[in-house]
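Presented below is the structure to which this report refers.
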Amino acid sequence: MTQLGQAFARTLQVYCEIFANRPKILLIDEIENGLYYEGMEDFWKGLMAVLEDQDVQLFATTHSRECMEAAQKAASAMGGDPLRFLRLDRRIDDPGKIVATTFGKEEMETAIEFNREMR
Amino acid sequence: MKQHTPKPLVLCEGKEDLIVIQTLANHAGLDGKLTFQQYCGKDKLRAYLHQLKVSPEYARGEYSRILVTRDADSDFASSWQALKDSIAEAFSCETIKLGEWVKHESGPEIAAWIVPGPGKTGMIETLCLDSSRTKAPKVFECLDSFMACLAAIHGGESHEKTRFALWTIAAQGAGAQKRLSLERAIPNLPIDWDGAAFAELREFLVGIAS
Chain Y
0 MTQLGQAFAR TLQVYCEIFA NRPKILLIDE IENGLYYEGM EDFWKGLMAV LEDQDVQLFA
60 TTHSRECMEA AQKAASAMGG DPLRFLRLDR RIDDPGKIVA TTFGKEEMET AIEFNREMR
Chain W
0 MKQHTPKPLV LCEGKEDLIV IQTLANHAGL DGKLTFQQYC GKDKLRAYLH QLKVSPEYAR
60 GEYSRILVTR DADSDFASSW QALKDSIAEA FSCETIKLGE WVKHESGPEI AAWIVPGPGK
120 TGMIETLCLD SSRTKAPKVF ECLDSFMACL AAIHGGESHE KTRFALWTIA AQGAGAQKRL
180 SLERAIPNLP IDWDGAAFAE LREFLVGIAS
């Protein structure tokens, strides 16, 4: 297994966590770590299918635009509305204030179409 | 680079609208005081506004005000209604009036503007052409007769954008070969940025930054 690279190890680790511990909620920090950008959409497709099948809610953090876009494409391919994005921003007029913004596939699709940054 | 001072945002219907309105703003002394974006046509406005409302710049408070513009085209009333509806749906503000700033929720003030101006039909190209007629009358004599000739051949008037595209080439004389885009052409066009044609839009833009 050590010959198969970080992406395989990462994916296996996440799947083991789901099947072995059977959580209702799974938290993954910087989910894109170890994943090659071209493989992210397939990673998300597989993970979303398992999450739905096992009735697990995932909260994942990322700084990666590719990862967000891959999740969006995977969610669109799955159908339904399995994905919500939540972003934290610091106000420039009040740097002590953090605001949370949620958005879904429609806004993300528009951002991809217009090449707008959503991180 | 992150912006640290909130600025008004001017949303333009297309790339050419953005170039003209930004150049007008610069001539009015607003260089660097406004942010400009384009939403790639009226059919994309609704989706663009929804995305804008959840964008990082909006959440961070980088827009002090938002002006949404679109062309009237051939029907001012229906264009205005469509613009109002798009803004009302995205920002939940029902009381939009042309050229008036409306406060909504906790976000920046929003206003809407129809080009070429209140109650008028046409587009940004109309303003450019109207503002240039007195500065370059011979070019327009030539262009108008050429357009009339084309209309007779084709059995109908050409679109205003066709006239505008031909004019941007013709008005440059020998420099026309360098017209790869309006962005390159516009410094050489005889547009009267201080003239009456642009007065309403110019004054409104100046008012945004004040």
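Chains as they are written, first to last, in numbering that gives the first Met the number 0: chain Y, 0 to 118; chain W, 0 to 209. Glycine is no exception: its CB is placed at the ideal position from the N, C-alpha and C atoms.
Inter-residue spacing [alpha-carbon to alpha-carbon] between residue i and residue j
{"i": "residue 100(Y)", "j": "residue 85(Y)", "result": "6 angstroms"}
{"i": "residue 163(W)", "j": "residue 146(W)", "result": "11 angstroms"}
{"i": "residue 125(Y)", "j": "residue 58(Y)", "result": "As displayed, chain Y neither begins before 0 nor continues past 118, which places residue 125(Y) out of reach and without an answer."}
{"i": "residue 142(Y)", "j": "residue 44(W)", "result": "Examination of residue 142(Y) is not possible in this model, given that chain Y is present from 0 through 118 alone."}
{"i": "residue 195(W)", "j": "residue 130(W)", "result": "7 angstroms"}
{"i": "residue 5(Y)", "j": "residue 12(Y)", "result": "10 angstroms"}
{"i": "residue 23(Y)", "j": "residue 16(Y)", "result": "11 angstroms"}
{"i": "residue 74(Y)", "j": "residue 35(W)", "result": "32 angstroms"}
{"i": "residue 65(W)", "j": "residue 86(W)", "result": "11 angstroms"}
{"i": "residue 46(Y)", "j": "residue 108(Y)", "result": "20 angstroms"}
{"i": "residue 56(Y)", "j": "residue 103(W)", "result": "34 angstroms"}
{"i": "residue 52(W)", "j": "residue 184(W)", "result": "34 angstroms"}
{"i": "residue 116(Y)", "j": "residue 66(Y)", "result": "13 angstroms"}
{"i": "residue 81(Y)", "j": "residue 46(W)", "result": "20 angstroms"}
{"i": "residue 79(Y)", "j": "residue 49(W)", "result": "20 angstroms"}
{"i": "residue 42(W)", "j": "residue 32(W)", "result": "28 angstroms"}
{"i": "residue 120(W)", "j": "residue 89(Y)", "result": "42 angstroms"}
{"i": "residue 2(Y)", "j": "residue 48(Y)", "result": "26 angstroms"}
{"i": "residue 141(W)", "j": "residue 148(W)", "result": "11 angstroms"}
With 16 other Cβ atoms within 10 Å as the buried cut-off, status of residue i
{"i": "residue 173(W)", "result": "exposed"}
{"i": "residue 126(W)", "result": "buried"}
{"i": "residue 21(Y)", "result": "exposed"}
{"i": "residue 118(Y)", "result": "exposed"}
{"i": "residue 12(W)", "result": "buried"}
{"i": "residue 83(W)", "result": "buried"}
{"i": "residue 36(Y)", "result": "exposed"}
{"i": "residue 21(W)", "result": "buried"}
{"i": "residue 116(W)", "result": "buried"}
{"i": "residue 207(W)", "result": "buried"}
{"i": "residue 78(W)", "result": "buried"}
{"i": "residue 7(W)", "result": "buried"}
{"i": "residue 124(W)", "result": "buried"}
{"i": "residue 54(W)", "result": "buried"}
9 angstroms Cβ cutoff, residue i in contact with chain Y
{"i": "residue 40(W)", "result": "no"}
{"i": "residue 50(W)", "result": "yes"}
{"i": "residue 43(W)", "result": "yes"}
{"i": "residue 16(W)", "result": "no"}
{"i": "residue 34(W)", "result": "no"}
{"i": "residue 60(W)", "result": "yes"}
{"i": "residue 87(W)", "result": "no"}
{"i": "residue 3(W)", "result": "yes"}
{"i": "residue 46(W)", "result": "yes"}
{"i": "residue 7(W)", "result": "no"}
{"i": "residue 54(W)", "result": "yes"}
Cutoff 9 angstroms: residue i Cβ touching any chain W Cβ
{"i": "residue 102(Y)", "result": "yes"}
{"i": "residue 29(Y)", "result": "no"}
{"i": "residue 90(Y)", "result": "yes"}
{"i": "residue 109(Y)", "result": "yes"}
{"i": "residue 42(Y)", "result": "no"}
{"i": "residue 93(Y)", "result": "yes"}
{"i": "residue 64(Y)", "result": "no"}
{"i": "residue 118(Y)", "result": "yes"}
{"i": "residue 112(Y)", "result": "yes"}
{"i": "residue 83(Y)", "result": "no"}
{"i": "residue 13(Y)", "result": "no"}
{"i": "residue 115(Y)", "result": "yes"}
{"i": "residue 9(Y)", "result": "no"}
{"i": "residue 86(Y)", "result": "yes"}
Neighbourhood of residue i by C-beta, 6 angstroms cutoff - its chain only, sequence neighbours within 5 removed
{"i": "residue 15(W)", "result": "181"}
{"i": "residue 70(W)", "result": "12, 114 and 122"}
{"i": "residue 191(W)", "result": "130 and 134"}
{"i": "residue 100(W)", "result": "108 and 110"}
{"i": "residue 40(Y)", "result": "69, 72 and 73"}
{"i": "residue 138(W)", "result": "169 and 170"}
{"i": "residue 33(Y)", "result": "5, 6 and 9"}
Same chain, Cβ closer than 7 angstroms to residue i, five either side skipped, listed in chain order
{"i": "residue 150(W)", "result": "156 and 157"}
{"i": "residue 10(Y)", "result": "42"}
{"i": "residue 63(Y)", "result": "31"}
{"i": "residue 201(W)", "result": "23 and 27"}
{"i": "residue 38(Y)", "result": "6"}
{"i": "residue 17(W)", "result": "11, 35 and 37"}
{"i": "residue 128(W)", "result": "162, 163 and 166"}
{"i": "residue 102(Y)", "result": "84"}
Cβ neighbours of residue i in the same chain (closer than 8 angstroms, five flanking residues each side left out)
{"i": "residue 91(Y)", "result": "none"}
{"i": "residue 5(W)", "result": "60, 61, 62, 63 and 107"}
{"i": "residue 98(W)", "result": "110, 111, 112, 117 and 203"}
{"i": "residue 60(Y)", "result": "27, 28, 29 and 30"}
{"i": "residue 0(W)", "result": "Here residue 0(W) scores only 48 on pLDDT, less than 50, and its place in the model should not be relied on; the value that follows carries that caveat. Here the set comprises nothing."}
Beta carbon proximity, residue i to chain A, threshold 9 angstroms
{"i": "residue 105(Y)", "result": "Any reference to chain A falls outside this structure, whose protein chains are Y and W."}
Next on the checklist: To test your reading of the DSSP string, which unbroken beta strand (DSSP E) runs of 3 or more residues are found completely within the segment 29–104 of chain W?
Outcome noted: As far as the segment 29–104 of chain W is concerned, its whole beta strand (DSSP E) runs of at least 3 residues are 34–37 and 62–70.
Checklist entry - Whole alpha helix (DSSP H) runs in the segment 29–92 of chain Y with 4 or more residues, listed along the chain? => result Listed in chain order, the complete alpha helix (DSSP H) runs (minimum 4 residues) inside the segment 29–92 of chain Y are 39–53 and 64–77.
Checklist entry - For the segment 90–117 of chain Y, which segments carrying the beta strand (DSSP E) assignment without a break, of at least 3 residues, lie completely within its bounds, in sequence order? => result With a minimum length of 3 residues, the continuous beta strand (DSSP E) runs that stay inside the segment 90–117 of chain Y are 97–102.
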